[in-house]
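**Q** Each step along the sequence shown adds one to the number in full-length UniProt numbering, with nothing skipped, and position 175 is 175.
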Amino acid sequence: MKKTMPAGRQEKLRVILLVYDNFYCNPIFLPLLESDFIDIVLVVVSDVIFYRKNKIESLLFFYRKHGLRYFLFKTIDQIIYVISKILNIFLGRKRLFLREARKRRLRIIKMKDVNSEESLGIFGSYSPDIIISYFNQVLKRRVLDIPRITCLNVHPGYLPLYKGVASSFWAMLKGEKFGGVTVHDMVEKLDSGDIYARGKVVTSKKMSLHRHNWECCKLGGELLLETLENLWEGKIKKDKNIGGNYYSWPGAKDVDQFHSLGFKLIKREDLEIY
1 MKKTMPAGRQ
11 EKLRVILLVY
21 DNFYCNPIFL
31 PLLESDFIDI
41 VLVVVSDVIF
51 YRKNKIESLL
61 FFYRKHGLRY
71 FLFKTIDQII
81 YVISKILNIF
91 LGRKRLFLRE
101 ARKRRLRIIK
111 MKDVNSEESL
121 GIFGSYSPDI
131 IISYFNQVLK
141 RRVLDIPRIT
151 CLNVHPGYLP
161 LYKGVASSFW
171 AMLKGEKFGG
181 VTVHDMVEKL
191 DSGDIYARGK
201 VVTSKKMSLH
211 RHNWECCKLG
221 GELLLETLEN
231 LWEGKIKKDK
241 NIGGNYYSWP
251 GAKDVDQFHS
261 LGFKLIKRED
271 LEIY
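1) Would you report the Cα separation of H66 and G234, rounded to the nearest angstrom?
2) Classify I130 as buried or exposed, calling it buried when 16 or more other Cβ atoms lie within 10 Å of its own Cβ.
3) Given a threshold of 16 other Cβ atoms within 10 Å of its Cβ, counted over all protein chains shown, does D145 qualify as buried or as exposed?
4) Report buried or exposed for Y70, applying the criterion of at least 16 other Cβ atoms within 10 angstroms of its Cβ.
5) How would you call I86, buried or exposed, if buried means at least 16 neighbouring beta carbons within 10 angstroms?
6) Are there three or more Cβ pairs, one per stretch, closer than 8 Å when the segment 155-173 is compared with the segment 200-218?
7) Cutting at 6 Å between CB atoms, please list the residues of its own chain near L14, excluding the five before and the five after it.
8) Any chance the segment 153-160 sits against the segment 91-101, with 3 or more Cβ pairs inside 8 Å?
9) When the Cα atoms are used, what is the spatial distance from F37 to I16?
10) Closest by CA to V45, which one among E117, L224, I132 and T75?
11) Buried or exposed: where does R107 fall if 16 or more other Cβ atoms within 10 Å of its Cβ makes it buried?
12) What first and last residue would you give for the alpha helix (DSSP H) that runs through F169?
13) At which residues does the beta strand (DSSP E) containing K110 begin and terminate?
14) Could I get the ranges of all uninterrupted alpha helix (DSSP H) runs contained in the segment 131-157, with 4 residues as the minimum, in chain order?
Below you can see the structure in the form of structure tokens.
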């Protein structure tokens, strides 16, 4: 389905956000709340860990696939994130996206299946200009066709080099001098749409994987806001997303090799960014 691209500055962009509520979503979406040209009409929070798996199945899959080290890394991250959300209710140390969204009385709903008939009906009822995804569910063609302009993905990897998941992990493991983040059109083939903006984040053994992921998402939030402003003003400039490799989740042996090279998944000093 051919999209209608804006010819110039228009009314506010009607935007639906697809959010996976983890630590990294905050630097991506918080900048959008301060924009005067974006109307966030709906926030959709994923209600699953892995698409079409319940929480127990997801945890077992994660452990079997990644081994104990990576499983503990992700578990510790989630525990600290939950604690930080509770502390923020009372202390307000850090701004968290979903908390700020509730303060602004944005409509927030949970979805187990973003491609269901019910979900399609909900999306269509809001007549979005753009759907923005930092999400853990795959969007199928019928969802991608809904917005007037496009579906955007914030991919925490430097495209087209690192498609798929755990891009920072693979970039560090393979000795790259940088990882990165990309804002791109969403098409049916994952991480293959045209590129609006991308940026590099230097890798270092002094920086944990967790910190690198966070730095990528922080930069991603800046690039996303820049991309949306360009779309709002009708400034359409895209690069082709050709080549590169697709990477899946790391296995236990990959994680062991990662540690043997002197890298760390998470460090004590990373607590300061929660």
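From the three backbone atoms N, C-alpha and C, an ideal C-beta is built for every residue, glycine too.
The model shown is predicted, which means the values in this text are computed figures rather than measured ones.
**A** By the coordinates alone:
1) Roughly 44 Å separates the two Cα atoms.
2) By the 10 Å Cβ count, I130 comes out buried.
3) Exposed, because fewer than 16 other Cβ atoms sit within 10 Å of the Cβ of D145.
4) By the Cβ-count criterion, Y70 is buried, with 16 or more other Cβ atoms from all chains shown falling within 10 Å of its own Cβ.
5) Counting Cβ neighbours within 10 Å, I86 comes out exposed, since fewer than 16 surround it.
6) Cβ pair count under 8 Å is three or more, so yes.
7) Rather than Leu, the amino acid found at residue 14 in this sequence is Arg. Spatial neighbours of R14 in its own chain (CB-CB distance under 6 Å, excluding positions within 5 residues in sequence) are listed in chain order as D39, V41, P128 and D129.
8) By the Cβ test, the segment 153-160 is not in contact with the segment 91-101, since fewer than three Cβ pairs between them sit closer than 8 Å.
9) Distance between the alpha carbons of F37 and I16: 14 Å.
10) The candidate whose alpha carbon is nearest that of V45 is I132.
11) Around the beta carbon of R107, fewer than 16 other beta carbons lie within 10 angstroms, which makes this residue exposed.
12) Start and end: S167 to L173.
13) Here the beta strand (DSSP E) through K110 covers I108 to M111.
14) Entirely contained in the segment 131-157, the alpha helix (DSSP H) runs reaching 4 residues are, in chain order, 141-144.
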